[in-house]
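Step one of this worksheet: look at the structure below.
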Amino acid sequence: MKIKNNELLRQFEYQTDDGLLSVEYSLQERKIFLTKLKGLENAVQNQGADFLKAILEVVGEKKLRVVPTHPKIVSFFRKNPVYKELLPPGIRI
Numbered sequence: 003m004k005i006k007n008n009e010l011l012r013q014f015e016y017q018t019d020d021g022l023l024s025v026e027y028s029l030q031e032r033k034i035f036l037t038k039l040k041g042l043e044n045a046v047q048n049q050g051a052d053f054l055k056a057i058l059e060v061v062g063e064k065k066l067r068v069v070p071t072h073p074k075i076v077s078f079f080r081k082n083p084v085y086k087e088l089l090p091p092g093i094r095i
């Protein structure tokens, strides 16, 4: 999966057959806030989880902590407890 980090728009992007998937983010110190998941509902349902896994892999390599604020991203963390290690101390989902 080829993810593009569009630093100008502060979002990760992935082009699917169903359309463009994007996750907006905000960087503060050593934390990245995932603020919005955008795309067609069909694309989000079909490839949203794989897209988020790829984003978390990139974020993990940069040694950043993840703060999910969008409900679908929070739901992803609940369904995939293996990624809870990327959460900053004191954040529980």
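Everything in the sequence shown is counted per my numbering, starting at 3 for the first residue and increasing by one.
Note that CB positions come from ideal geometry on N, CA and C, so glycine has one too.
- Beta-bridge annotation (DSSP): Y16 is paired with L23.
- For L39, the uninterrupted beta strand (DSSP E) segment begins and ends at 33-40.
- Burial state of I95 is exposed, judged by a 10 Å Cβ sphere holding fewer than 16 other Cβ atoms.
- Contact check for Q17 against Y27 fails: the beta carbons are separated by 8 Å or more.
- With respect to the 8 Å criterion, L58 and L22 are not classified as neighbours on the basis of their beta carbons.
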